[in-house]
Structure formats: C-alpha cells, structure tokens
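In the numbering used here, the protein residues as written are 214 to 495.
Even for Gly, the Cβ is constructed at its ideal location relative to N, Cα and C.
What follows is one structure encoded as structure tokens, with my remarks underneath.
Here it is, written out as structure tokens:
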C-alpha cells in the first residue's frame, strides 16, 4: 500500500470520529457542497489545508453525488525551499495541485511595514476569488477549523467590542456567484495535529517570506496566541468551554442582549421594550 493510501485510510478509519465524521457533518449541516458544484480547494502549505484537500478527495470518491474540485496553491512569493516543500507534500499525499504566482509578498513589503499580515490576507483573498472565477468555480474551500472559529469569536469580543464569529460559508460581495466555504468548521485543531503526527507528515506553519523574518519577534505579542493560551487555561477548569462558546453562538437569546446589528444597522433593545411590555399587560 502506498503512503498516500495509508494516509487516506487513516482519515476514514483511525480518525473517523474526530475528523471524517465532523467534516461530513459540516458539509451536511451547513449545506457546503452540492451536486455539480465546482470547488476550488485552497492549499497554503499548512496541515489544515492539506487535510482539507484529502477530505475533499475522499468525498469525491465516496460521496453520493458528483462535484468537481481544483486543488490550487497561490504562490505569493514563497522561498524556493518552502515552494518545493509544498510540492513534495502534494506528491506524498497524491494531490494534483495547480500553482499560480502572484506578487503579494513584494507589494506588502514595499507598501506596508505595519500590519503586513492583514494586507497580505486581503490581497490573497482577492487573488483567490479571481482565480476561482477564471476556473469557473462557484465555491472556494478554505481550511479554517473549529479552533479558528472560537478564537475569532473571542478576538471580536475582547478587541473588537462585538459578538461575531467566523461563518461556515459566505457569499462574495465582489465576485457574484462565488461562495466561500469552510468544510473543517467542526474539526478541532488537536485532531488535525494528531493526524499529522500519526502519518509522520511535516507541513509549513507559514510559508510567507515576511513572516519567516518576523515570526519570532511577533509570536509573543500575537493576539491570537493570547486567545489560544486563554482557552487552554479555561479548559483546565471547564474542559467543554470551547464547545460551550460554539453552542452559545447558535443559541443567542435576543430577549437578553442590549443591541443587535444587521447589514450595518444597529437596533437597541429599547426599540421594542415598551411595545413588548404593553402586549404582555394586554
């Protein structure tokens, strides 16, 4: 049996409960992939996106309906070593990747010395949507997982002063007919790491040249890292704290919040307060 076959088997069998079942549940619960969809699977070189690619492949082979998938790597200016590592992993995993180049790294380093990751992420998204449009894809699959969802929620609360989360799917505002989906939405990062270690795989943490230079300096002040550490500490007291946060996002009691916002329009609880009270009196 080839190594890629052993890796595929591990997803379906050994990690069935932690990975495969949760992947399928997200696909079904959030209606992420449908018959005849044309999905562009984005591979960054990390463990999450490569696992996503393998899960998509397995769904193609064993799913109940046909859909097409393109496995795409955008090179924003990777070093030759990192680019070759991505290619090597795609060969080990038997994933037929298509690499296309962009000048994101050069633009970011020349234009912005502050918040380079923010600018890079925005530019990446634009290039990916354009590529999906070129390929005739109606969906773009990203490798964000359960922990990303929880961390994003707390980051929004602690640093953005609002309650919002990373959604399982989103319609594009600028590219009509293209939807962004996150099939690993329910899969925990610890499970992905276990899968990676079990199969003795080595992936890139970040293949960007800029972060290669500044990662060590920035790591200790990363807000996302702060949130990761906070959740880790909270789980020592309540092992289900991350699950409870996730469930809370699907169980919001609008009778007990000060205000809500939809499509940029704010609504205070006071707008309906007297009306509800008068109806109760009647």
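{"Item": "Residue 374: buried (16+ other C-beta within 10 angstroms of its C-beta) or exposed?", "Value": "exposed"}
{"Item": "For residue 310 versus residue 285, is the C-beta spacing smaller than 9 Å?", "Value": "yes"}
{"Item": "Going by beta carbon distance, what residues of the same chain come within less than 8 Å of residue 155, once the five residues before and after it are set aside?", "Value": "For the chain, the structure presents residues 214 to 495; residue 155 sits outside this window and is missing."}
{"Item": "Give me the DSSP bridge partner(s) of residue 479.", "Value": "474"}
{"Item": "Exposed or buried, residue 394, counting other C-beta atoms within 10 Å across all chains shown (16 or more means buried)?", "Value": "buried"}
{"Item": "Say whether the region 349-361 touches the region 394-406, bearing in mind that this needs 3 or more beta-carbon pairs closer than 8 Å, one atom from each stretch.", "Value": "yes"}
{"Item": "Are residue 254 and residue 262 close, meaning C-beta to C-beta below 9 Å?", "Value": "yes"}
{"Item": "I'd like the span of the alpha helix (DSSP H) that includes residue 357, first residue to last.", "Value": "Careful: residue 357 lies outside any alpha helix (DSSP H) and carries neither H nor E."}
{"Item": "If you drop the 5 nearest sequence neighbours on each side, which residues of the same chain put their C-beta closer than 7 Å to that of residue 249?", "Value": "279, 280"}
{"Item": "Taking only runs that begin and end inside the region 392-424, name each unbroken alpha helix (DSSP H) of 4 or more residues, in chain order.", "Value": "402-411"}
{"Item": "Suppose you measure from the CA of residue 462 to the CA of residue 380; what does that come to, to the nearest Å?", "Value": "10 Å"}
{"Item": "Between the Cα of residue 369 and those of 320, 296, 436, spot the shortest distance and give me the residue it belongs to.", "Value": "436"}
{"Item": "Note down the Cα distance separating residue 215 from residue 372, rounded to an integer number of angstroms.", "Value": "47 Å"}
{"Item": "Just to confirm, are residue 313 and residue 344 a CB contact at a threshold of 9 Å?", "Value": "yes"}
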